[in-house]
Amino acid sequence: MASTTYTVGLPEHRRWAELLSWGPAGIEDGPSPLVNVGRTPYLTEADGAPVEYAPFGLRPFSGADLVAGPVGAARESWWSFDSASSTDTSLRLTFGDELTGLRTDLYYEVVAGTDVLLRWTELTNTGSAPIRLERFDSAGFCVPVEHARLSFLIGRWAQEFQLRHVELPAGRFEIGSRQGVAGHGYSPWLAVQDAFDDGPTWGFSLAWPGSWRIDADIELSGTCRVRVGRQPHESAVLLEPGASFETPQVAAAYSAEGLGGLARVWHSYEHKLSPGGRRVLYNSWEATEFAVDAAGQLELAKVAAEVGAELFVVDDGWFVGRNDDTGGLGDWTPDPAKFPNGFGAFIEDVRALGLEFGLWVEPEAVSPKSRLYAEHPDWVYHLDGRPPTLIRNQLLLDLGREDVHDFVLSTLDGLLTEYPIRYLKWDMNRPPTERGRPGAGDPESLDLDGAHARNYLRILDHLRAAHPDVAIEGCAGGGARVELATIARTDVVWPSDNTGPLDRLAIQYGFLHAHAPHVMSSWVTDAAGLFDPRPRSLRFRFVLAMAGALGIGADIRSWTPTQRSEAAGYVAQYKELREFLHSAAVTMIGTPTDPTFALQYTGPDQVVVLAWNTGPLDGTPALSGRSTRLRLSGLDPAARYGSYGGAHLMSAGLPVSWESVDADVIVLERS
Ligand code: DGJ
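Basically my numbering = 1-based index in the sequence shown + 1095.
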């Protein structure tokens, strides 16, 4: 890892592996701060030990990572160490349970050039009876803090990624999703620090697009132990004799520089996962919603080209039967009534304006009013004898089925092959409710959530390989499917349907603690905030979108010539800066509830500051006062940045003036 060490050892008894140290390189040079030097009266030794991963049988009280046993038999399993193998960047530890035949492989992989370690677990049934896996975390982690401050991202639709903190002096904190997606509620992400010190910070992020759980316990021996993993829909998963089961990967990160430093670790990791947004897009959803037709879309496309967009995305409403949210899903054929000269001709008209073409799909969704549902009612999740639940008037395909997987894959392949589509927005607006798969026998043998998530990822992998010039946007009714496995297979992800400026600022602030700017899809719209309806200038909204992958989602037909030319100026400025903004180190200055909030992007030769005035004007210069100053960090104190000295910028701060604008882009060249 770049500057982090994670050291694991086997105690003499070899019954489990222990964490010896996790922190800055060199931390391993001394006695382990994690080792339990006390006794464990009325407990077992493992309950007080900094175990890496332990079965319930071995660690009965403090929290086990694996709860497994043969069907109908005890849930307590034991194991003993079998073997280890390693390379320069990876480690595998194998444990075996002779009685049940359950083999457990713990995997570790360092992500070169980052402070991120990947961990996951493989479970193999080498015995002769099926084994019931009730809990099968990806990994457990011991963090050497006794009184923790936990940071997490909470939300709901239109209010995703709200950064919150909680102090945990004792007890357990748990977050998760049972929605078959990462969910609007919580992100599969957690940061842990000492409650009184924004210094050393440990972080966890799960790469899994299905249901999940993260819990943090303050253990009796005085560490904060974090367990991260899947949460199976059927409450357990069956592992048949001879079968293997791999958990998702959990990424574990360390920074000595607090939550802000941890964010930069996640950013550098996501640079390895995803290319990020490559083009300025226009998306017509907020302008036309379902009222899509060729003439109206072309009118928008002309203005989009005029302001400098590079890509035009037609959102929901382009296919047959889709005039509102009650029909059409599943029948992915362009509506001839909306595109009277043909969809291909419409796309060519868009491309003739110098724009690439993009399309919205919701491949897992089915409307009860659709041909697909009439032909394959058994393809949707349902319970026999019970009426299906509708969410947003729609049902959900059982994507774990091979025939459904093949249908979705061939539908998307077909669209991407028939039309010159360069951008696909994959949406998902309906979490699975009752799942069922009638007639399939023991529900625990199904792992429906796992099968659905794996096929979703498999299809994305296929699209990446078969259509490398198609960029993909991940979306789920806003930001319900933002997690590392999706990010690794897409270019950008959509954080929220709330595009109101001040609301969006808070959403992006939380998002950027866990994810990188280059993957953050961010549109300029006309929308008022849902939670803070104070209007903000066009400039404010553009500078806000520049903090991520800039797009436009407003009804630009109604923008005046002056607004269009102002917008063109911002788009041109963004194009000049985007490569830098998408690769520089980001520092957050303040929070969105401060009167001024800013993001500092630092590179070797340049610093760019995006700043927003979120509060009332302070009265200057009509009244006496001082200019707002933004204290930058991480600069060379002896170097000059624009017309300022580095020491000045880090102590006195960068002056910003809110006299005539409510947002600013300040570019400082280093000399
Ligand atoms: C939810 C998405 O988050 C929106 O951006 C839009 O694509 C709608 N779905 C379309 O139905």
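Yeah, the Cβ is synthetic: ideal placement off N, Cα and C, and Gly gets one too.
Cα-Cα separation, residue i to residue j
i: residue 1645; j: residue 1438; result: 27 Å
i: residue 1252; j: residue 1194; result: 48 Å
i: residue 1353; j: residue 1467; result: 51 Å
i: residue 1126; j: residue 1132; result: 11 Å
i: residue 1396; j: residue 1407; result: 6 Å
i: residue 1449; j: residue 1599; result: 30 Å
i: residue 1683; j: residue 1621; result: 26 Å
i: residue 1764; j: residue 1706; result: 17 Å
i: residue 1573; j: residue 1328; result: 23 Å
i: residue 1691; j: residue 1618; result: 21 Å
i: residue 1297; j: residue 1434; result: 53 Å
i: residue 1341; j: residue 1219; result: 9 Å
i: residue 1624; j: residue 1190; result: 53 Å
i: residue 1701; j: residue 1281; result: 35 Å
i: residue 1561; j: residue 1155; result: 48 Å
i: residue 1260; j: residue 1355; result: 14 Å
i: residue 1440; j: residue 1379; result: 18 Å
Three-state secondary structure (DSSP) of residue i
i: residue 1260; result: strand
i: residue 1100; result: strand
i: residue 1315; result: coil
i: residue 1520; result: strand
i: residue 1281; result: strand
i: residue 1670; result: helix
i: residue 1542; result: coil
i: residue 1741; result: helix
i: residue 1428; result: coil
i: residue 1236; result: strand
i: residue 1449; result: coil
i: residue 1464; result: strand
i: residue 1377; result: strand
i: residue 1577; result: coil
i: residue 1247; result: strand
i: residue 1200; result: strand
i: residue 1707; result: strand
i: residue 1414; result: strand
i: residue 1041; result: No statement about residue 1041 is possible, as the shown extent of the chain runs from 1096 to 1766 and does not include it.
i: residue 1220; result: strand
i: residue 1341; result: strand
i: residue 1326; result: coil
i: residue 1439; result: helix
i: residue 1587; result: strand
Check whether residue i and residue j have beta carbons under 8 Å apart
i: residue 1681; j: residue 1630; result: no
i: residue 1741; j: residue 1731; result: yes
i: residue 1163; j: residue 1227; result: yes
i: residue 1748; j: residue 1724; result: yes
i: residue 1639; j: residue 1590; result: no
i: residue 1415; j: residue 1430; result: yes
i: residue 1256; j: residue 1626; result: no
i: residue 1457; j: residue 1518; result: no
i: residue 1290; j: residue 1262; result: yes
i: residue 1579; j: residue 1302; result: yes
i: residue 1729; j: residue 1697; result: yes
Residues of its chain near residue i, where Cβ-Cβ distance is below 7 Å and the 5 sequence neighbours each way are ignored
i: residue 1237; result: 1114, 1129, 1145, 1318, 1320
i: residue 1370; result: 1586
i: residue 1635; result: 1596, 1707, 1757, 1758
i: residue 1506; result: 1427, 1458
i: residue 1464; result: 1416, 1421, 1422
i: residue 1538; result: 1329
i: residue 1135; result: 1142, 1143
Neighbourhood of residue i by C-beta, 8 Å cutoff - its chain only, sequence neighbours within 5 removed
i: residue 1173; result: 1150, 1152, 1153, 1192, 1194
i: residue 1481; result: 1529
i: residue 1185; result: 1202, 1203, 1204, 1205
i: residue 1442; result: 1452, 1514, 1515, 1516
Close beta carbons around residue i, own chain, < 6 Å, minus the five adjacent residues each side
i: residue 1547; result: 1494, 1495
i: residue 1123; result: 1100, 1102, 1116
i: residue 1673; result: none
i: residue 1665; result: 1637
i: residue 1368; result: 1582, 1583
i: residue 1271; result: 1307, 1308, 1326
i: residue 1316; result: 1131, 1143
Any non-hydrogen atom of the ligand ATP within 7 Å of residue i CB
i: residue 1573; result: Only the ligand DGJ can be found as ligands here, which leaves the ligand ATP out of the picture.
Considering only residues of the region 1345-1375, which uninterrupted alpha helix (DSSP H) runs meet the minimum length of 4 residues and lie entirely inside it, listed in chain order? 1353-1368
Could you tell me which whole alpha helix (DSSP H) segments of length 4 or greater appear in the region 1481-1526? 1497-1513
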